[in-house]
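Enquirer: Numbering (UniProt numbering), first residue to last: 1 to 514.
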């Protein structure tokens with residue numbers, strides 16, 4: 001390590017590693033170019049025409065000092081390949097600041113991802129924004145801590161700190177997230193563009209739940225359910241799970257006008273404008289649990305709400321495959337209320353084909369009592385949210401772990417164990433998702449409305465994507481288990497003999513060295 005602080009035995013290298021000029025002074029800091037060679041000033045600049053955000057150092061006969069490529073003469077000109085000079089170049093009004101994985105840099109005429117549309121003074125490389133996005137989703141690193149890390153990479157002693165670009169970086173990240181969601185949803189190739197995006201279109205959907213055009217048979221709308229055998233109809237079940245999380249609170253620090261929601265209703269959150277209008281008509285409703293063994297709603301309504309914009313979130317997920325539904329997330333204002341959960345559920349079912357609907361909810365014993373009455377009372381302007389399915393094909397269940405505290409009359413009718421077609425469904429998958437999001441609660445609680453929504457939307461999408469790509473491994477494991485079970489069923493005597501051979505081999509492999 002000490003040798004790396006000096007020229008690392010390069011004192012005998014008296015000429016530039018590129019052109020041969022005597023007495024080279026410059027090198028790429030931290031060996032970002034995978035080599036300790038020394039270069040003259042002209043060669044170090046030319047070498048970094050394609051790597052403008054690298055850090056360089058100059059040997060002053062005692063130690064290496066940090067230098068900027070800008071001061072050494074590197075200029076990047078938009079509209080021209082790296083290293084080419086523009087014959088009619090116009091200098092920028094102010095120095096640009098580039099944020100990259102190697103730190104925060106000053107350059108005069110560079111714009112990669114601008115923080116603003118007009119006269120930008122800050123930009124960031126795609127690499128650094130993507131790095132933050134992954135670290136934020138996995139490690140819940142805040143933008144503030146991430147930028148501080150880059151500032152320390154730039155100058156760890158703090159004696160010559162780079163300009164503060166915290167706010168600009170947050171703007172860039174928010175633009176990047178929104179643009180990525182639009183691109184992945186195919187809006188860049190759509191004739192209607194961004195403005196034609198449908199409600200919930202930016203969310204990643206569960207591939208196993210019934211979807212027209214994906215996994216439903218041709219002429220599915222002509223199915224005669226009266227003649228459908230019970231051992232086949234379960235394939236068309238839609239299992240949904242509802243729950244609330246009171247850790248994802250949000251303080252009233254900024255108004256909606258100062259921090260608006262950009263993609264309102266296009267992803268995982270419900271459409272905020274319609275949601276707020278609907279709740280204002282039900283602000284006086286009270287819900288008290290009728291099941292004395294389980295009073296989650298009563299306790300939630302007693303929570304302290306002073307200074308909070310939201311007391312948590314309610315959500316709807318796929319109960320079988322543990323994925324958040326499009327438009328399946330909504331903010332709570334005062335505990336766990338019918339009005340909130342109804343609107344979130346109906347939003348999550350927008351444009352969804354329903355054959356059979358199974359709703360898992362820890363208070364399903366009371367939530368389902370007047371479910372249809374509440375839906376029919378919704379104003380006409382919310383008709384698109386009303387579900388079109390026979391009442392006898394909608395069943396309410398309580399998750400397995402939450403069922404024992406309920407009264408005994410709830411145990412049989414609301415149990416998954418006594419439901420045909422339920423398989424191994426337990427309804428508790430919705431709880432598993434909260435562990436992933438709760439680590440972001442500390443940073444999101446102090447965000448404005450729009451910033452919080454954008455951050456959580458990214459977390460939900462990242463989690464759904466992880467679930468999708470993990471299915472390949474799950475399918476492989478399920479297939480292997482089915483293969484083993486088939487062997488034991490078809491050739492049980494041979495399987496027993498194989499196991500005996502394995503047992504003998506395992507018992508001797510550490511002792512019999514012959």
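C-beta atoms are modelled at their ideal positions from N, C-alpha and C, and glycine is treated no differently.
I need the DSSP call for residue 250, collapsed to helix, strand or coil.
Expert: Taking the first residue of the chain shown as position 1, residue 250 is located at position 250. In the structure shown, residue 250 sits in a strand (DSSP, three-state: E or B).
Enquirer: For the beta strand (DSSP E) that contains residue 64, what are its first and last residues?
Expert: Start at 1 with the first residue of the chain shown, and residue 64 comes out as number 64. 64 to 67 is the extent of the beta strand (DSSP E) around residue 64.
Enquirer: In this structure, how does DSSP classify residue 420 when only helix, strand and coil are distinguished?
Expert: For the purposes of this step, residue 420 is taken as residue 420 along the chain shown, with counting starting at 1. Three-state result, residue 420: coil.
Enquirer: Look at the Cβ atom of residue 314, then the Cβ atom of residue 360, and state whether they are nearer than 7 Å.
Expert: Translated into positions along the chain shown, residue 314 becomes position 314. Translated into positions along the chain shown, residue 360 becomes position 360. No, these two residues do not count as a Cβ contact at 7 Å.
Enquirer: Tell me the residue span of the beta strand (DSSP E) that contains residue 356.
Expert: Against the chain shown, residue 356 aligns to sequence position 356. Run containing residue 356: 356 to 360, per the beta strand (DSSP E) assignment.
Enquirer: How would you call residue 195, buried or exposed, if buried means at least 16 neighbouring beta carbons within 10 angstroms?
Expert: On the chain shown, residue 195 is found 195 positions in, with the first residue counted as 1. Classification of residue 195: exposed, given that the 10 Å Cβ count is below 16.
Enquirer: For residue 562, name the three-state secondary structure that DSSP assigns.
Expert: As displayed, the chain neither begins before 1 nor continues past 514, which places residue 562 out of reach and without an answer.
Enquirer: Which residues share a DSSP beta bridge with residue 58?
Expert: Translated into the one-based positions of the chain shown, residue 58 becomes position 58. 26, 65.
Enquirer: For residue 260, report the span of its beta strand (DSSP E) as first-last.
Expert: Residue 260 sits at position 260 when you count from the first residue of the chain shown. Premise fails: residue 260 is in no beta strand (DSSP E) and is neither H nor E.
Enquirer: Would you tell me roughly how many angstroms separate the C-alpha atoms of residue 23 and residue 15, rounded to the nearest one?
Expert: Taking the first residue of the chain shown as position 1, residue 23 is located at position 23. Taking the first residue of the chain shown as position 1, residue 15 is located at position 15. Near 6 Å, if we compare the C-alpha coordinates of residue 15 and residue 23.
Enquirer: Identify whether residue 473 lies in helix, strand or coil by the three-state DSSP scheme.
Expert: Here residue 473 corresponds to residue number 473 of the chain shown, with the count starting at 1. Correct three-state label for residue 473: helix.
Enquirer: Taking 7 Å as the limit between beta carbons, can you name the residues of its chain near residue 28, skipping five residues before and five after?
Expert: As a first step, residue 28 must be located in the chain shown, where it is residue number 28. Excluding sequence neighbours, residue 28 sits near 54, 56.
Enquirer: Can you find the residues in the same chain that come closer than 6 Å, C-beta to C-beta, to residue 234, ignoring five residues on each side of it along the sequence?
Expert: Working through the chain shown from its first residue, we reach residue 234 at position 234. Same-chain partners within the cutoff: 421.
Enquirer: Quick check on this structure: which residue in 270, 317, 375, 389 has the alpha carbon closest to the alpha carbon of residue 331?
Expert: Within the chain shown, residue 331 is the residue found at index 331, counting from 1. Selected option, being the one with the closest Cα: 270.
Enquirer: Which residue from 216, 243, 249, 252 puts its Cα closest to that of residue 236?
Expert: On the chain shown, residue 236 is found 236 positions in, with the first residue counted as 1. Measuring from the Cα of residue 236, the nearest candidate turns out to be 216.
Enquirer: Could you check the C-alpha separation between residue 268 and residue 484 for me, to the nearest Å?
Expert: For the purposes of this step, residue 268 is taken as residue 268 along the chain shown, with counting starting at 1. For the purposes of this step, residue 484 is taken as residue 484 along the chain shown, with counting starting at 1. If you take the alpha carbons of residue 268 and residue 484, they lie about 40 Å apart.
Enquirer: Would you mind sorting residue 116 into buried or exposed? The rule is 16 or more other CB atoms within 10 Å of its CB.
Expert: Against the chain shown, residue 116 aligns to sequence position 116. It is exposed - the Cβ of residue 116 has fewer than 16 other Cβ atoms within 10 Å.
Enquirer: In whole angstroms, give me the CA-to-CA distance for residue 351 and residue 382.
Expert: Here residue 351 refers to the residue found at position 351 when the chain shown is read from its first residue. Here residue 382 refers to the residue found at position 382 when the chain shown is read from its first residue. So the alpha carbons of these two residues sit roughly 14 Å apart.
Enquirer: Bridge partners for residue 324 per DSSP, in chain order?
Expert: Translated into the one-based positions of the chain shown, residue 324 becomes position 324. Beta-bridge pairing links residue 324 to 317.
Enquirer: Three or more C-beta pairs under 8 Å: does that hold for the region 335 to 343 against the region 275 to 286?
Expert: Contact between the region 335 to 343 and the region 275 to 286 is present, because at least three Cβ pairs lie under 8 Å.
Enquirer: Could you compute how far the alpha carbon of residue 288 sits from the alpha carbon of residue 371?
Expert: Residue numbering aside, residue 288 sits at position 288 when the chain shown is read from its first letter. Residue numbering aside, residue 371 sits at position 371 when the chain shown is read from its first letter. Low per-residue confidence applies at residue 288: pLDDT is 48, beneath 50, and the placement is therefore not dependable, though the value from the model is reported in the following sentence. Between residue 288 and residue 371, the C-alpha separation is close to 15 Å.
Enquirer: Identify whether residue 225 lies in helix, strand or coil by the three-state DSSP scheme.
Expert: Against the chain shown, residue 225 aligns to sequence position 225. In this structure, residue 225 counts as coil in the three-state DSSP scheme.
Enquirer: Please report the straight-line C-alpha distance between residue 252 and residue 441, rounded to a whole angstrom.
Expert: As a position in the chain shown, residue 252 is number 252, starting the count at 1. As a position in the chain shown, residue 441 is number 441, starting the count at 1. Cα to Cα, the separation comes out at about 15 Å.
Enquirer: Between the Cα of residue 66 and the Cα atoms of 447, 141, 153, which residue gives the shortest distance?
Expert: Counting from 1 along the chain shown, the entry for residue 66 is found at position 66. Residue 153 is the option with its Cα nearest to residue 66.
Enquirer: Can you look up residue 188 in the DSSP assignment and give me helix, strand or coil?
Expert: Translated into the one-based positions of the chain shown, residue 188 becomes position 188. It is helical.
Enquirer: Using a 10 Å radius around the Cβ and a threshold of 16 neighbouring Cβ atoms, would you call residue 454 buried or exposed?
Expert: Numbered from its first residue, the chain shown carries residue 454 at position 454. Looking at its Cβ environment, which holds 16 or more other Cβ atoms inside 10 Å, residue 454 is buried.
Enquirer: Closest by CA to residue 458, which one among 226, 13, 263, 74?
Expert: For the purposes of this step, residue 458 is taken as residue 458 along the chain shown, with counting starting at 1. Checked all of 226, 13, 263, 74; the closest Cα to residue 458 is 263.
Enquirer: Taking its Cβ as the centre, do 16 or more other Cβ atoms sit within 10 Å of residue 230, making it buried, or is it exposed?
Expert: Taking the first residue of the chain shown as position 1, residue 230 is located at position 230. Residue 230 comes out exposed.
Enquirer: State the start and end residues of the unbroken beta strand (DSSP E) segment that holds residue 123.
Expert: What you label residue 123 is simply residue 123 of the chain shown in a count that begins at 1. Start and end: 122 to 124.
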